[in-house]
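Read in order, the letters of the sequence shown correspond to residues 25 to 213 in this note's numbering. Okay, so here's the structure we're looking at.
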Amino acid sequence: MLTPRIVFGYHGCDESTLRMVLDGGTLRPSQNAYDWLGHGVYFWESSSARALRWAAEVKLRPKGTIQRPAVLGAIIDLGHCLDLIDPDRAQLVQDAYVEYLRQCKEFGVPPAKNKGPESKARFLDCAVMNLLHKLSSEEGMPPFDTVRGFFVEGQPLYPTAGLRSLDHVQICVRSPECIAGFFRPNAMR
25 MLTPRIVFGY
35 HGCDESTLRM
45 VLDGGTLRPS
55 QNAYDWLGHG
65 VYFWESSSAR
75 ALRWAAEVKL
85 RPKGTIQRPA
95 VLGAIIDLGH
105 CLDLIDPDRA
115 QLVQDAYVEY
125 LRQCKEFGVP
135 PAKNKGPESK
145 ARFLDCAVMN
155 LLHKLSSEEG
165 MPPFDTVRGF
175 FVEGQPLYPT
185 AGLRSLDHVQ
195 ICVRSPECIA
205 GFFRPNAMR
């Protein structure tokens, strides 16, 4: 039996999405080919400010889908979590990467590459994570409900710092039933 691990997650979105979900609607899982942790619904763990910053950045993009940046809070039970902060889980990802390269070679397809500043477009990571879930399913393993990872991002906080201005923990929810409920964060009211 899994011990519940409850976390607060924050999803950057448009105000209309926030209202729709609080009125009983559902979030659509992201299916982008560059999703950092594979396909699912994304949350910043314990950082409504980081979620709002992301939503504001999306608003400024030429094809931005956000007009009025907002933050949706969620109470998440991580369930059966592929927690990449746990070093024991790293081998699963490494094995999936090796299999991904093997399949690319077998089918004569060039492997995906992460692109952009700080590799923000994570095409390779997404392909590896999605393959990991597929392989786990084919091997009869229980599906992962969530994926959790720590990301180093932004400028160093001071010379030679190992900490950066936008470091964060991100959660990808693959099983919607792991979301116990949604809320509007107090700071956003």
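Glycine is no exception: its CB is placed at the ideal position from the N, C-alpha and C atoms. All of these numbers come straight from a predicted model, not from anything done at the bench.
Less than 8 Å between the CB atoms is what I'm expecting for Ala14 and Cys150, so what's the real figure, rounded?
-> Not covered by the structure: residue 14. The range shown for the chain is 25 to 213.
Contact under 9 Å by Cβ, Leu51 with Met153 = The count along the sequence shown starts at 1 and reaches residue 51 at position 27. The count along the sequence shown starts at 1 and reaches residue 153 at position 129. For Leu51 and Met153, no; Cβs fall outside 9 Å.
Note down the Cα distance separating Ala204 from Ile100, rounded to an integer number of angstroms.
-> Here residue 204 refers to the residue found at position 180 of the sequence shown. Here residue 100 refers to the residue found at position 76 of the sequence shown. Those two C-alpha atoms are separated by around 6 Å.
What are the boundary residues of the alpha helix (DSSP H) that Glu130 is part of?
-> By 1-based counting over the sequence shown, the position of residue 130 is 106. Ala114 to Phe131 is the span of the alpha helix (DSSP H), which, as asked, contains Glu130.
With contact counted as at least three CB pairs below 8 Å, one residue from each stretch, are the region 31-49 and the region 90-98 in contact?
-> yes
Along the beta strand (DSSP E) that carries Asp107, what are the first and last residues, could you check?
-> As a working note, residue 107 is residue 83 in the sequence shown. Segment Cys105 to Asp107, the beta strand (DSSP E) holding Asp107.
Run through DSSP, which three-state label would Asn56 get?
-> The residue given as residue 56 occupies position 32 in the sequence shown. Note: Asn56 maps to coil in three-state DSSP.
Option nearest Pro141 by Cα separation, candidates Gly64, Val31 and Val176 | Position 117 of the sequence shown, counted from the first residue, corresponds to residue 141. Pro141 has its Cα closest to that of Val176, out of Gly64, Val31 and Val176.
Do Gly178 and Gln194 have their C-beta atoms closer together than 9 Å?
-> Here the question's residue 178 lines up with position 154 in the sequence shown. Here the question's residue 194 lines up with position 170 in the sequence shown. No, these two residues do not count as a Cβ contact at 9 Å.
Please go through the same chain and pick out, in chain order, the residues whose beta-carbon is closer than 6 Å to the beta-carbon of Cys105, but skip the five residues on each side of it.
-> For this step, residue 105 is matched to residue 81 along the sequence shown. Correct list, in chain order: Thr170 and Arg172.
Compare the C-alpha of Arg146 against each of Tyr34, Ile30, His63 and Leu181 and name the closest.
-> Within the sequence shown, the letter at position 122 stands for residue 146. The option with the nearest alpha carbon to Arg146 is His63.
Ser143: which of Asp38, Gly33, Asp59 and Gly49 sits nearest, CA to CA?
-> Taking the first residue of the sequence shown as 1, we reach residue 143 at position 119. Answer by Cα proximity: Asp59.
What's the C-alpha gap between Lys129 and Lys137?
-> On the sequence shown, position 105 is the one that residue 129 refers to. On the sequence shown, position 113 is the one that residue 137 refers to. Straight-line Cα distance between these residues: approximately 15 Å.
If we count the other Cβ atoms within 10 Å of its Cβ and call it buried at 16 or more, is Thr41 buried or exposed?
-> The sequence position of residue 41 within the sequence shown is 17, counting from 1. Thr41 is buried by the Cβ-count criterion.
Tell me whether Pro166 is buried or exposed, calling it buried when 16 or more other Cβ atoms sit within 10 Å of its Cβ.
-> Along the sequence shown, one-based indexing puts residue 166 at 142. Exposed, since its Cβ has fewer than 16 Cβ neighbours within 10 Å.
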